[in-house]
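In this note's numbering, the protein residues as written are 15 to 625.
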């Protein structure tokens with residue numbers, strides 16, 4: 015009886031974990047991902063059809079409010095509520111006649127508004143809304159007046175009564191028409207009071223901007239200014255609420271370390287991390303992010319806040335540096351890095367090393383089990399560089415995992431082979447004690463103990479897959495390398511479910527069976543699991559036998575909505591397990607009675623008499 019209970023508990027726990035994961039995590043993720051992809055397509059399409067332009071002359075998010083600060087006190091970077099979309103729900107069109115500076119790199123295209131000097135229009139050339147390379151490019155930054163403004167801004171603020179500093183209405187003069195990796199651009203503005211502000215903007219071949227601000231003082235009196243930088247996002251992103259994936263304000267602040275802030279956490283009050291001289295802050299999405307990295311190891315105060323003007327909230331990540339005093343005839347400088355692009359793992363690590371940035375790779379949410387997730391990614395990525403296909407890399411990593419767990423699986427299958435040999439004795443015990451269940455269970459446990467058989471051995475091949483399953487799922491879900499990664503045939507995106515569906519005859523019938531979805535690879539996975547279960551001796555208890563019979567069907571439907579890469583992994587793992595188990599059974603002199611077990615499933619008994 016105890017053995018029966020243990021088997022049921024082990025299987026029930028496995029199913030509960032996977033079903034719970036599917037219901038509470040995977041299901042919402044898949045639906046949110048589908049909505050997000052639709053939003054990206056619509057957003058990019060709207061962008062292509064909209065009039066190219068820039069924001070109007072409204073005050074920028076975070077523009078200084080020095081006049082409101084007490085004399086001698088450090089001014090605060092105010093919120094950007096004045097720039098939110100109209101409260102009526104309409105969307106203003108960007109001003110078509112506002113001058114702009116083009117941005118053109120191998121990875122980015124867009125522009126910088128010369129009114130205000132904001133970096134506010136960026137598209138990611140290497141990434142599209144769908145696997146179709148002709149689909150619209152991903153839009154990261156967009157200017158005020160667009161549907162979802164999102165941009166970065168930099169500048170200086172002064173204390174109350176201080177000199178005029180650049181603001182949202184400032185029209186900068188540029189020394190070039192286009193910013194490229196080979197040619198930085200310098201913006202210049204003279205406040206007419208003896209201060210000349212310059213902003214040099216450089217960009218590399220990928221996603222890192224270097225913004226070097228300077229102020230030259232020829233006024234005849236010392237001036238005290240505070241450098242700042244901000245990232246502002248108007249509106250709450252939709253379809254991005256996941257249990258174990260952080261999206262929203264994020265930063266690393268010296269000894270305080272990683273700080274993750276949810277959008278809803280800012281509804282009541284702003285979040286102000288400890289002041290530090292090392293770190294970064296910004297806003298992250300699933301695959302994309304923007305982050306400010308103050309340079310020079312000088313102290314800065316980070317902040318996350320939310321403001322609201324009408325019905326549209328605005329989220330802001332900003333920093334304010336310590337006061338800089340510029341003597342007459344002198345100049346002052348401040349440099350800030352801006353990362354704005356795709357969260358490519360190797361690229362983030364490269365930036366960490368080349369710019370000495372503290373833990374920039376934490377823009378990627380590896381999760382609590384990062385000690386499994388990160389190695390899993392690096393192994394898959396390493397194999398991809400040799401095989402040229404992430405699907406093949408997943409198949410190869412499955413072989414590696416099987417090799418690691420080979421001793422445990424070998425012992426498990428050997429125990430099952432012994433159990434198979436004991437079937438005649440088990441049948442005799444069942445016949446002898448058919449009217450005395452407790453006695454039968456006692457004798458069977460004694461038999462298992464005497465022959466050194468683990469009755470739970472059949473569960474281990476499934477149970478040991480659970481940690482690998484979760485880590486691979488995380489890798490497929492959060493890493494951009496897996497986004498739109500093709501396999502072969504109809505699998506164009508390993509991070510998305512198998513698009514085929516048996517219920518509409520794989521597209522032959524003119525309807526979408528959204529409620530019931532079962533693709534080819536889940537069918538293959540279910541078949542391999544069914545064969546694997548039939549390789550094992552049938553449990554003597556009817557309840558156990560019923561559970562084992564239904565498990566392949568349950569897993570098949572449950573995994574149908576999981577990423578195709580995960581289903582391919584599970585199917586391939588099952589196939590390797592069948593081969594391994596068959597070899598071990600033959601080595602132990604045990605007959606492989608796959609067909610006999612299948613006949614028994616359909617009510618036909620084997621003709622081989624029990625010994």
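C-beta atoms are modelled at their ideal positions from N, C-alpha and C, and glycine is treated no differently. As the structure is a prediction and not an experimental result, all values here were calculated from the model.
If you draw a 10 Å sphere on the C-beta of residue 560, you find fewer than 16 other C-beta atoms in it, and that means exposed. Contact between residue 353 and residue 303 is confirmed by a C-beta separation of about 7 Å, below the 8 Å threshold. In this structure, DSSP gives residue 274 an extended state, which the three-state scheme calls strand. Per DSSP, reduced to three states, the secondary structure at residue 444 is helical. When secondary structure is reduced to three states using DSSP, residue 230 falls in the strand class.
Within 10 angstroms of the beta-carbon of residue 601 lie fewer than 16 other beta-carbons, which makes it exposed.
8 Å or more divides the Cβ of residue 403 from the Cβ of residue 226. Leaving aside the five residues that flank residue 216 on each side, the residues in its chain whose CB is nearer than 6 Å to its CB run, in chain order, 198, 224. The DSSP-derived three-state label of residue 540 is helix.
Shown here, residue 115 sits in a strand according to DSSP, grouped into three states.
Within the DSSP secondary-structure output, residue 302 pairs in a beta bridge with 356.
Counting only the Cα atoms, residue 313 lies some 21 Å from residue 236. Between residue 292 and residue 273, the C-beta gap is not smaller than 8 Å, which leaves the two residues out of contact. Residue environment: residue 315 is assigned as buried (16 or more neighbouring CB atoms within 10 Å of its CB, all protein chains considered).
Residue pairing of residue 216 in beta bridges, as defined by DSSP: 224. The DSSP-derived three-state label of residue 564 is helix.
Bounds of any beta strand (DSSP E) do not take in residue 576, whose DSSP letter is neither H nor E. Around the beta carbon of residue 413, a 10 Å sphere encloses fewer than 16 other beta carbons of the protein chains shown; the residue is thus reported as exposed. The criterion of a C-beta distance shorter than 8 Å is not satisfied by residue 267 and residue 298.
Cβ contact annotation for residue 371 (same chain, cutoff 7 Å, sequence separation greater than five): 294, 307, 365, in chain order.
The secondary-structure analysis by DSSP pairs residue 347 across a beta bridge with 228.
Boundaries for residue 207: no alpha helix (DSSP H) harbours it, and the DSSP string shows neither H nor E there. Counting along the chain, the unbroken alpha helix (DSSP H) around residue 451 starts and ends at 451-465. Straight across, the Cα-Cα distance linking residue 517 with residue 537 is about 12 Å. In the DSSP assignment, residue 412 falls outside any beta strand (DSSP E) and within the unbroken alpha helix (DSSP H) covering 404-418. The beta carbon of residue 220 is closer than 7 Å to those of 121, 355, 361 in its chain, skipping five residues each way along the sequence. In the DSSP secondary-structure assignment, residue 592 is not bridged to any residue.
In this structure, residue 156 keeps its C-beta atom at 8 Å or more from the C-beta atom of residue 187. Distance from the CA of residue 595 to the CA of residue 585, rounded to the nearest whole angstrom, comes to 15 Å. Residue 495 counts as buried, since no fewer than 16 other beta carbons sit within 10 angstroms of its beta carbon. Of the candidates 417, 451, 458, 392, 458 places its Cα closest to the Cα of residue 437. Taking a contact as a CB-CB distance under 8 Å, the pair residue 439 and residue 461 counts as one, their CB atoms being some 6 Å apart.
Take residue 566, set aside five residues on each side of it, and the residues of its chain with a beta-carbon closer than 7 Å to its own are 540, 543, 544, 547, in chain order.
In this structure, DSSP gives residue 375 a helical state, which the three-state scheme calls helix. Going by beta carbons, residue 241 and residue 498 fall outside the 8 Å limit. Remark: C-beta atoms of residue 320 and residue 328 approach each other more closely than 8 Å.
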